[in-house]
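Quick note on full-length UniProt numbering: the sequence shown kicks off at 1 and runs consecutively. Backbone N, C-alpha and C fix where the C-beta goes; we use that ideal spot for every residue, glycine too.
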Amino acid sequence: MGTEPTAARNTGSLLSIEVLPDSVRLTRSSGDPVVVFTREEWAAFLKSAKEGRFDGPGLTETQVPPAPAETRVLIYLDTEDERVAHKVFLAVDDLAEALGLRVHDSTDERGSFIRRALARLFLPRDMVDEGMRKAANAPMLKHDLAQAERDSKISEAVARLLESLAEVPNACVMIGTLLVVKTDQDGGPIVLARTLSMGEQSLFTQHPDMFKDPHKVWDSLALARDVTRSSNVKAGSATDT
């Protein structure tokens, strides 16, 4: 069975999908590492993609993901004020702690402030994931006094993060699968948050420049999602031949 090229350009080079008797291989014309699926993994990935979840190895993933007990933290701040940046970094650390994560191995870049770090889980993964979903909803919800103590801590930590971003016109904060984006529009500041799929999270890691333009983040994610879905449809046709 031959190789079927697709029109996917979510990593900046042509994807080639080769369906073998016991596996499916993805290669890129740029010579990037090959991504290999077993036939079972490929079928499961296509099923999740059709449902909009994109579980499992994503088409955008070429790097080794963090160990299961760790996740990534990325921060972009459109400010050169070290005091303001430090305040945001502390708020991010506090939110990570409320989610069950401890930030370590951080590196900072100046100009606009950028921080890259890892965060180690100290709570079970399912609790951390659930906390991130709650945090993604927190900016749009009023505090519920009947919430459990942990939920309250997450809401309070999100509130502190939003307060720390008050002096930053544009910002992106990614803590694991949680993404918070602030942009300064004509009508005033807008803050949006949601959780990311594994493929979307990997996309930020591989294309950090995308993270530096908060105004285009959501459009970039939507475009990557559409391209990946289109690739999956073509790859699915290849498996049926």
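Looking at the DSSP output, residue 101 shares a beta bridge with 121. In the DSSP secondary-structure assignment, residue 70 is bridged to 120.
Under DSSP, residue 115 forms a beta bridge with 75 and 108. In this structure, residue 90 lies away from residue 119, with their beta-carbon atoms at least 9 angstroms apart. Under the three-pair Cβ rule at 8 angstroms, the segment 176-191 does not count as touching the segment 107-115. Straight-line measurement puts the Cα of residue 126 at about 31 angstroms from the Cα of residue 113. Distance check between residue 86 and each of 165, 71 and 211 places 165 closest, using alpha-carbon atoms only. Checking the DSSP bridge columns, you'll see residue 212 has no partner listed.
When DSSP reads this structure, residue 199 sits in no beta bridge, so it has no partner. In the structure shown, the three-state DSSP call for residue 184 is strand. If you look at residue 171, you'll find it in the beta strand (DSSP E) that goes 171-175.
Taking the Cβ atoms as the reference, residue 210 lies roughly 18 angstroms from residue 176, outside the contact range of under 8 angstroms. When the five nearest sequence neighbours on each side are left out, the beta carbons in the same chain lying within less than 6 angstroms of the beta carbon of residue 169 are those of 78 and 184, in order along the chain. If you ignore the 5 residues before and after residue 135, its C-beta comes within less than 6 angstroms of the C-beta of 154, 158 and 178, all in its own chain and listed in chain order.
About 7 angstroms separates the beta carbons of residue 75 and residue 88, which is inside the 8 angstroms limit, making them a contact pair. The C-beta of residue 216 has fewer than 16 other C-beta atoms within 10 Å across all chains shown, which makes the residue exposed. The beta-carbon distance between residue 174 and residue 103, rounded to whole angstroms, is 12 angstroms. This is too long to meet the 8 angstroms contact definition.
Within 10 angstroms of the beta-carbon of residue 204 lie 16 or more other beta-carbons, which makes it buried.
Looking at 202, 98 and 219, the one whose alpha-carbon comes closest to that of residue 151 is 98. DSSP, reduced to helix, strand and coil, places residue 168 outside both helices and strands of the structure shown, so it counts as coil. In the DSSP assignment, residue 193 forms a beta bridge with 180. Just so you know, the alpha carbons of residue 94 and residue 198 end up roughly 23 angstroms apart. In the three-state scheme derived from DSSP, where H, G and I count as helix and E and B as strand, residue 163 is classed as helix. Your pair residue 70 and residue 121 checks out as a contact, with CB atoms roughly 7 angstroms apart and the cut at 8 angstroms. Inter-residue distance for residue 162 and residue 82 is about 17 angstroms (C-alpha atoms, whole angstroms).
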